[in-house]
Amino acid sequence: MKKITGAEIVIQTLIEEKVDVIFGYPGGAVLPIYDELFKQKKIRHILVRHEQAAVHAAEGYARSTGRVGVVLVTSGPGATNTVTGLADAMMDSVPLVCISGQVPTHMIGNDAFQEADIVGITRPCTKHNYLVKDVNILPNVIHSAFFIAKNGRPGPVLVDIPKDIQTFKAVYKGKKNTKVISYYKPNLKPNINQIDQFIKLLEKSEKPIFYVGGGVINSGEVASKNLFKLIKSTGFPCTQTLMGLGAYPTSDNQCVGMLGMHGTYEANMSMYNCDLMICVGARFDDRITGKVSGFSPKSKKVHFDIDASSFNKSVNVDLTVQGDLARILQAINKKIEEKKISFKKAKIKDWWIQINKWRSKDCLKFKNSDKIIKPQHALKRLDFLTKKYNPFITTEVGQHQMWAAQFLTFNKPKHWMTSGGLGTMGYGLPAAMGVQIAHPNSLVIDVAGEASILMNIQEMSTIKQFRLPVKIFILNNHYMGMVRQWQELLHGNRLSESYMDSLPDFVKLAESFGATGLRTEKPSEIDDLIKEMINVKGPVICDVIVDPSENCFPMIPSGSTHNQMLLGPNDKVEGEISEDGMVLV
Amino acid sequence: MNKKNLKHILSIMVDNEPGVLARVVGLFSGRGYNIESLSVSEVDSHKFLSRITVVTSGTKIIVDQIKAQLAKLIPVHNLVDITELKSFIGKELILIKLDVKNKKTFDLKKKLERLSAKILEENDLEIIVQFTGSPNEVKKMESILQPYKIIEQTRSGLVSMATGTDYIKK
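In order, the protein sequences belong to chains S and R. In terms of the working numbering, the first sequence has 92 at position 92, counting the first letter as 1, and numbering is strictly consecutive. If you count the second sequence from 1, you need to add 1000 to reach the working numbering.
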C-alpha cells in the first residue's frame, strides 16, 4: 500500500470522519497540515482571529448540530490560546477534536521556539489527549479521538502532532481497518431492575418534579422525544437547568421554567417541596442546588445519567440509573405501557394547585418604563418578534445571559448555546459564528453584554470574511452587570472596577467591519430596531442602551436555599449573608 | 458509619503510556483527594499494562467519587477497591542504612534474623537492612531500629492483592 505523510493522514482521517468544516489558525508547527488542506476541496477551513474563538466556534457548531467540532491550531501560543475553550467544552460536555501542531519530536523538552507542553497543560481540561510520537499510530489516534469525543459523556479531545510526524510517511488503510481504542466502552444500557424500582417511586409520588439537564440534549433528539412522551403521560411538572433549556419545550404548560440561582420561584419552590425528584441528565451543580444541606430536604431523589461520576457527587440520591438517556427514557415509557399504568390527575391535583399558587407570584415581572429600556423588556420583544424564525440563540456571560434564559422561549433542543459550567465571557460571538456556519440560512442571535462582547470582538473580522449574517444584540448597561449586582448585594455597593468606561461606538465598529450598526435608547424604538435587525441580510450589531441599574431577579443569594429567594430589588436577604455564603462565587 | 474516614487501597490497571501516572495523580491533586501511598510498575509487557496501587482515605461518598472519576480516565482498563474484598495482602519494602562504626553488631544481627529482615550489605562502617511487611510491621521495624544510628532510609509504596480470583482482570 502507498505510504502517505502524517499531514495527509490527518486530512484523510478527518474526511473519513465526515468533517466538513474546521475552525483554525495556521502557524509554523502546522504548516504541513495547512498545505494538505490547501490541496483538497472536501473540508472548509474557517480562519478565526484568535484560537480561543476557534474552539468556541467549534462548540457552537457541535452544540447546534450534535456533531463533533474540529479545531486546528499551531504549537505554543496557538495551543495555549485554546485552553479556555477546551475547559469550557469540558464543563459543558461538548464533543470536540482539537488538533495542535507541536515542535519536532527531537526538540520536545528543549524550550524550543513556540513550544508548550500542551498535553500537560490540557490534561485536566480535556476528556483525553494525545501526543503522537509515531506516525504509524496517527490514524488510530485521530479515529480514537473522535470516538472518545462523541461517545459516553461527550467532551473535548486534543491531539498534539509534532511537525516531523506530519512529514513522516505511513500507510493509512481507512477507518474501517483502523483499530480504535477497544476497552473504552461506556455503558449505555440501563439496568432494568432499577427501572422497575423507579416506576414504583413514580406511582407512589404525590409531589413529583422532573429536573431536566443538558444531558438530554447531548443524548439527542430521541431523548427529547422520549422525555416529552414521559412527561405528558405522567402529567408531572418539569423544570430545566440552564443547559437543559429546549430539551423540553419551555412554553409548555407543564414546564415551570428554569431552576437555580436565577430560576423561577415556582421551579425552585417545587424543587424544595417535592416528594420525588427525577433528575434527567443534570448534575446538581452549585448554581442549581444553592446550600446543599438545605436542598430539597423532603424528597426521594432519582438520577439518570450516562456518567457514573455524576452520581452522589454533591447531593446524595436514592436511586441511580446509568446509561444513555434516550434508552433509559424509552425503557421507562415501555414499562409504563406494558404495565398499563395510568397516572391519575387527582393524585397530583393538590400539587399543581400549589405550583400554580407559586406561579401566580409572577416572579419574572418587572416594572417597565417608557423612558428607559428595561433589558427584560428588550428580550421579551426580541422573543416575540423572532419566535417565528425559530432562531438559534447564543449568549455571553452575565446578567444578559440570565435574562435571556428567563425571557426567551426554547421549544427545540440545540437552539440555545451558552457557557454554563465555565461561564466564559466572550463565548457568544464565536459560538454564533459556528452555529451560523452549520445553519447558513437560519437566524442566529448572540445576546450579549457590552463587556463580554469586547472579549472576542476581533471575530467581527471573521464574520466579515465569511459573510456570516450573525446578529449581535447587546444589552448595554455600561457595567459588568452581574459583578455590579454582587457588589451591591455583598460588598456595600463599592463598585470596584465594574464600570465599563471608554466603550467603543458600536455602530461605527460594526460599520468598520462592513456590518450594520443599529442603536437605540428609546423604548418606543425597540421593535423597529429588532425588525430591522432581522431584515438586514448581513451581520448586525444592535447597541441597545438599557437601564444601568437593573438587577437580575429572582435570585437565591449565596449560601441560601431554594425557599429563600429574593423576588425583587425590595426583597432583603434575611439577616446577614453568612460568611460561608460570602466565599461562594 | 458513612461519615467515617476510612483507608482504601485501590488497584488500577492502566495502559503503560507516557503521562498515565500524571493523569492519575493530577486527578487526585486537582480534585483535592488524598494520596497516602503510591506504587506503580509495568505488570504485562505484551499488552503494555501497568498496575498502580494507591492508598487513599475518605468517607464512602468521597471514595466512591474517586473510583468513578478514575474509571472515567481513558487509559484506565479496570480498577478494584481491594479493601472491599474479603481478604487481601498488602506489603511494603523498606531499606535502612545503619551506622555501625566501632559498634558490636552481634545482638542487632540476631534481632534482625528473628524479624526475618535481610542484611544486604555489611562492612565495618554500615549495615543495609531490607525488610518487607505490612505497613504496621514496617513501622514497628522502624521503631526497633530507632536506637541505632540511622544514616538513611527509604520506603516503597504499598503493593497489594486480594486472595482468590484475579478481581482486576474480571
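Ideal Cβ positions, reconstructed from N, Cα and C, are used throughout, including at glycine. Here the structure is a predicted model, which is why all the values come from computation and not from measurement.
Residue i at chain R interface by Cβ criterion, 7 angstroms
| i | result |
| --- | --- |
| Ser419 of chain S | no |
| Ala79 of chain S | no |
| Ser342 of chain S | no |
| Ser442 of chain S | no |
| Asn312 of chain S | yes |
| Tyr248 of chain S | no |
| His128 of chain S | yes |
| Ala308 of chain S | yes |
| Tyr25 of chain S | no |
Start-to-end residues for the beta strand (DSSP E) that takes in residue i
| i | result |
| --- | --- |
| Gln458 of chain S | Premise fails: Gln458 of chain S is in no beta strand (DSSP E) and is neither H nor E. |
| Ile541 of chain S | Val540 to Ile545 |
| Lys1097 of chain R | Phe1088 to Asp1099 |
| Val1081 of chain R | Note that residue 1081 of chain R corresponds to Asp in the displayed sequence, not to Val. Val1076 to Asp1081 is the span of the beta strand (DSSP E), which, as asked, contains Asp1081 of chain R. |
| Leu329 of chain S | Note, Leu329 of chain S: premise wrong, no beta strand (DSSP E); alpha helix (DSSP H) at Leu325 to Glu338. |
| Phe304 of chain S | Lys300 to Asp305 |
| Glu948 of chain R | The question about residue 948 of chain R has no answer here: the residues shown for chain R are numbered 1001 through 1170. |
| Asp1015 of chain R | Leu1006 to Asp1015 |
Per-residue burial, residue i [other beta carbons within 10 Å of its own, 16 or more giving buried]
| i | result |
| --- | --- |
| Gln12 of chain S | buried |
| Thr1154 of chain R | exposed |
| Phe296 of chain S | Sequence inspection shows Ser at residue 296 of chain S; the Phe mentioned does not correspond to that position. By the neighbour-count rule (16 or more Cβ atoms within 10 Å), Ser296 of chain S is buried. |
| Asp501 of chain S | exposed |
| His562 of chain S | buried |
| Asp1166 of chain R | exposed |
| Ser1160 of chain R | buried |
| Leu227 of chain S | buried |
| Phe38 of chain S | exposed |
| Ser310 of chain S | buried |
| Arg153 of chain S | buried |
| Glu1092 of chain R | buried |
| Leu1125 of chain R | exposed |
| Arg467 of chain S | exposed |
Start and end residues, alpha helix (DSSP H) containing residue i
| i | result |
| --- | --- |
| Ser219 of chain S | Gly214 to Ser219 |
| His128 of chain S | No alpha helix (DSSP H) holds His128 of chain S; the beta strand (DSSP E) holding it covers His128 to Leu131. |
| Lys471 of chain S | No alpha helix (DSSP H) holds Lys471 of chain S; the beta strand (DSSP E) holding it covers Lys471 to Asn476. |
| Met582 of chain S | Glu579 to Val583 |
| Ser144 of chain S | Leu138 to Lys150 |
| Lys1152 of chain R | The displayed chain sequence assigns Glu, not Lys, to residue 1152 of chain R. That residue, Glu1152 of chain R, is in no alpha helix (DSSP H); its beta strand (DSSP E) goes Lys1149 to Arg1155. |
| Glu511 of chain S | Phe506 to Ser512 |
| Ile1144 of chain R | Pro1135 to Leu1145 |
| Pro156 of chain S | Unbroken run through Pro156 of chain S is the beta strand (DSSP E), Pro156 to Pro162; no alpha helix (DSSP H). |
| Phe343 of chain S | First-last for Phe343 of chain S: undefined, no H or E at that position. |
From the options, residue whose alpha carbon lies closest to that of residue i
| i | options | result |
| --- | --- | --- |
| Leu382 of chain S | S:Phe473, S:Ser293 and S:Arg123 | S:Phe473 |
| Glu525 of chain S | S:Asp370, S:Val435 and S:Phe392 | S:Asp370 |
| Arg1023 of chain R | R:Leu1006, R:Thr1056, R:Gln1069 and R:Ile1009 | R:Gln1069 |
| Asp286 of chain S | S:Met261, S:Gly24 and S:Lys133 | S:Met261 |
| Gln254 of chain S | S:Lys345, S:Tyr130 and S:Asp527 | S:Lys345 |
| Val70 of chain S | S:Asp35, S:Met107, S:Thr105 and S:Val10 | S:Val10 |
| Gly1026 of chain R | S:Arg123, S:Lys537, S:Asn456 and S:Glu17 | S:Arg123 |
| Ser560 of chain S | S:Ala170, S:Lys291 and S:Val73 | S:Lys291 |
| Glu1029 of chain R | R:Met1013, R:Val1014 and R:Thr1056 | It should be pointed out that residue 1029 of chain R corresponds to Ser in this sequence rather than to Glu. Looking at the Cα atoms, R:Thr1056 is the closest of the given residues. |
| Ser1037 of chain R | R:Lys1047, R:Leu1112 and R:Ser1134 | R:Ser1134 |
| Val132 of chain S | R:Gly1019, R:Leu1010 and R:Lys1007 | R:Gly1019 |
| Lys446 of chain S | S:Cys542, S:Asp20 and S:Glu51 | Strictly speaking, residue 446 of chain S in this sequence is Asp, with Lys absent from that position. For Asp446 of chain S, the nearest C-alpha among the options comes from S:Cys542. |
| Gly1164 of chain R | R:Ile1089, R:Phe1131 and R:Glu1121 | R:Ile1089 |
Interface flag, residue i vs chain S, CB-CB below 7 angstroms
| i | result |
| --- | --- |
| Gly1030 of chain R | yes |
| His1008 of chain R | no |
| His1077 of chain R | yes |
| Ile1012 of chain R | no |
| Ile1074 of chain R | yes |
| Gly1133 of chain R | no |
| Gln1153 of chain R | no |
| Gly1026 of chain R | yes |
| Gln1130 of chain R | no |
| Gln1146 of chain R | no |
| Met1001 of chain R | The predicted position of Met1001 of chain R is uncertain, since its pLDDT is 49 and thus under 50; a value taken from the coordinates is nonetheless stated next. Cβ-Cβ to chain S under 7 angstroms: no for Met1001 of chain R. |
| Ala1068 of chain R | yes |
| Ile1061 of chain R | yes |
| Ile1052 of chain R | no |
Cross-chain neighbours of residue i in chain A, by beta carbon under 8 angstroms
| i | result |
| --- | --- |
| Arg1023 of chain R | No chain A appears in this structure, whose protein chains are S and R. |
Which runs of the beta strand (DSSP E) fall wholly inside the segment 170-230 of chain S and span at least 3 residues, in chain order?
208-212
Please give the ranges of any alpha helix (DSSP H) in the segment 363-429 of chain S, keeping only runs that are unbroken, at least 4 residues long and fully inside the region.
375-386 and 399-407
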